[in-house]
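Letter by letter, the sequence shown follows residues 1 to 149 of the numbering used here. Input: a single structure, listed below in structure tokens.
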Amino acid sequence: MKNTKISLTVTVISILCALFLGSCALLPSIIPGGGANTGNFSAVVTQVTGSAGTQDLTVVVTITNRGPNARRYVGGSLSGTMAVDIGGNTIKPYSSTGVDVDLPTGVPVKVSIARFGPILPGTAMLRTLRVSIGSSNEILEFRNVPIAW
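In structure tokens, the structure reads:
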């Protein structure tokens with residue numbers, strides 16, 4: 001329910017910005033899958049793209065740090081980042097996937113986590129997507145995230 005409220009709030013704000021301002025560059029473009037929170041961090045999934053040729057995914061999340069400036073290793077395969085597709089198959093990032101990211105206070109930062117796999121081309125959705133931020137106990141979890149092929 002919490003993720004639905006966050007997603008609905010962002011959607012309503014986006015619509016109001018579009019009506020009154022023409023657009024709102026401060027808000028990320030989001031897809032279904034809602035938002036997630038952990039510790040001082042909140043995030044939305046901005047894109048999940050599948051590659052039929054390599055049978056893998058690239059995941060883009062926009063993370064906002066509500067605490068003091070921080071540097072985190074986002075999306076590391078050893079610290080809990082993973083997904084489960086609609087068939088119940090576990091999909092993990094390949095070993096070199098994580099990225100060090102500076103997360104300044106209050107600034108949304110897009111982070112691309114490449115090479116989740118293997119996944120069959122045409123898989124429509126991830127039932128669960130978990131992205132670690134720095135450690136295994138800081139996990140952003142998203143549900144029902146569509147995949148664009």
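Positions of the beta carbon are idealized from the N, C-alpha and C atoms, including for glycine. Model, not experiment: these values are computed from the prediction.
Residues that residue i bridges to, as DSSP identifies them
i: residue 48; result: 59
i: residue 124; result: DSSP output for residue 124 lists no bridge partner at all.
i: residue 81; result: Its beta-bridge partners do not exist; DSSP assigns none.
i: residue 143; result: 128
i: residue 54; result: Note: residue 54 sits in no beta bridge, so no partner.
Distance CB(residue i)-CB(residue j) smaller than 8 Å
i: residue 100; j: residue 71; result: yes
i: residue 116; j: residue 57; result: yes
i: residue 121; j: residue 36; result: no
i: residue 128; j: residue 84; result: yes
i: residue 44; j: residue 110; result: no
i: residue 119; j: residue 93; result: no
i: residue 76; j: residue 132; result: yes
i: residue 64; j: residue 106; result: yes
i: residue 69; j: residue 104; result: yes
First through last residue of the beta strand (DSSP E) which encompasses residue i
i: residue 36; result: 35-38
i: residue 73; result: 70-74
i: residue 114; result: 109-117
i: residue 90; result: 90-93
Cβ separation of residue i and residue j, assumed to be a contact under 8 Å, to the nearest whole Å
i: residue 124; j: residue 86; result: 6 Å
i: residue 108; j: residue 54; result: Actually they do not touch by this definition, with Cβ atoms about 29 Å apart.
Query raised in the report: Per the contact definition of three or more C-beta pairs closer than 8 Å, is the segment 122-142 in contact with the segment 38-45?
Result: yes
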